[in-house]
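S.K.:
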Amino acid sequence: MDIKPSDLSVRRLYEAMTAIITPRPIAWVSTIDRDGVCNLAPFSFFNGVGANPPTLMFCPANRPDGTAKDTLANIRANGQFVVNVVTEESFEEMKHSALDVPAGEDEFILAGTQKSASSLVAPPRVSDAAAAMECELLTSMQLGVGPGGANLVVGRIVSIYVAESVLDEEHRIDPEKLHTIGRMGGPRYTKTRERFE
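First residue of the sequence shown? That's 1 in UniProt numbering, and the numbers climb one at a time after it.
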């Protein structure tokens, strides 16, 4: 079967892409608005871009009414964000933070997770995150318009937090201790404990 993107609704195309592009890492992005209210939301169109300079990207889609989500609006307003790593241990809190709530509500409170101050940026990180990358906005680009319209955010990593619990004896990140999860199609996720070389 051949699928022509132009023959599908945005929703059906999204479903097809997210069923194929798997597993996807999850950026649990914390931002802060102009009034100092924190926002926390997960995005699974996310990945690293490169190490020189250290950069990552994620793609927040527009709301159903075509407006920018709070995460994107906050980043455009102050140019900073934190990408918290999602692990098996933080799965439930991450799911709660995905609920669509009005602007001005603190999703840290909604998700039942605590904040910790970041080193170099204003938005806090998730206290219990196994790792978090503090970023300054390099560029953002509107790729689509209207409901579900894609937006690209590229950030330069300015500081990285790593919990002692996921380090080995040489203070390197031990993949066997970092129980990240990946997003599959629909409401499904996968664990990353099974590995091979």
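C-beta atoms are modelled at their ideal positions from N, C-alpha and C, and glycine is treated no differently. Remember, it's a predicted structure, so these values are computed and weren't measured experimentally.
(1) Assuming Val158 and Leu120 make a contact with CB atoms under 8 Å, what is their CB distance in whole Å?
(2) DSSP three-state call for Ile20: helix, strand or coil?
(3) Please confirm if the stretch 69-86 is in contact with the stretch 8-21, defined as three or more CB-CB distances below 8 Å between the two stretches.
(4) Closest by CA to Met17, which one among Glu170, Leu152, Gly48, Ile3?
(5) Which residue or residues does DSSP assign as beta-bridge partners of Pro54?
(6) Could you give the distance in angstroms between the alpha-carbon of Val49 and the alpha-carbon of Ala68?
(7) So, are the CB atoms of Arg195 and Pro175 less than 8 Å apart?
(8) Using 8 Å as the threshold, is the C-beta distance between Asp70 and Ala122 below it?
(9) In terms of alpha-carbon separation, which member of Ile160, Gly66, Met141, Val162 lies closest to Leu152?
(10) Identify which residue in Lys177, Tyr161, Ile160 has its Cα closest to the Cα of Asp168.
(11) Less than 7 Å between C-beta atoms, sequence neighbours within five positions excluded: which residues of the same chain meet that for His96?
(12) Can you say whether Val101 is buried or exposed, counting buried as having 16 or more other CB atoms within 10 angstroms of its CB?
(13) Anyone know if the C-beta pair for Phe81 and Thr22 falls short of 8 Å?
(14) Excluding sequence positions up to five away, which residues of its chain have a Cβ less than 7 Å from the Cβ of Ala117?
(15) What does a CB cutoff of less than 6 Å around Val126 pick up in its chain, not counting 5 residues either side in sequence?
(16) So, helix, strand or coil for Val166, using DSSP?
(17) State the start and end residues of the unbroken beta strand (DSSP E) segment that holds Ile109.
(18) What residue range is occupied by the uninterrupted beta strand (DSSP E) comprising Met184?
M.R.: Straight from the coordinates:
(1) 5 Å
(2) helix
(3) no
(4) Ile3
(5) Ala51
(6) 23 Å
(7) yes
(8) no
(9) Met141
(10) For the residues Lys177, Tyr161, Ile160, the minimum Cα distance to Asp168 belongs to Lys177.
(11) For His96, where only same-chain residues beyond five positions count, the Cβ hits under 7 Å are Leu110, Ala111, Gly112.
(12) exposed
(13) no
(14) Within its own chain, the residues whose Cβ lies closer than 7 Å to the Cβ of Ala117, once the five positions on either side in sequence are excluded, are Pro124, listed in chain order.
(15) Asn84, Thr113
(16) helix
(17) Looking at the DSSP string, Ile109 is not in any beta strand (DSSP E); the run it does join, the alpha helix (DSSP H), is 107-111.
(18) Segment: none, Met184 is in no beta strand (DSSP E) and carries neither H nor E.
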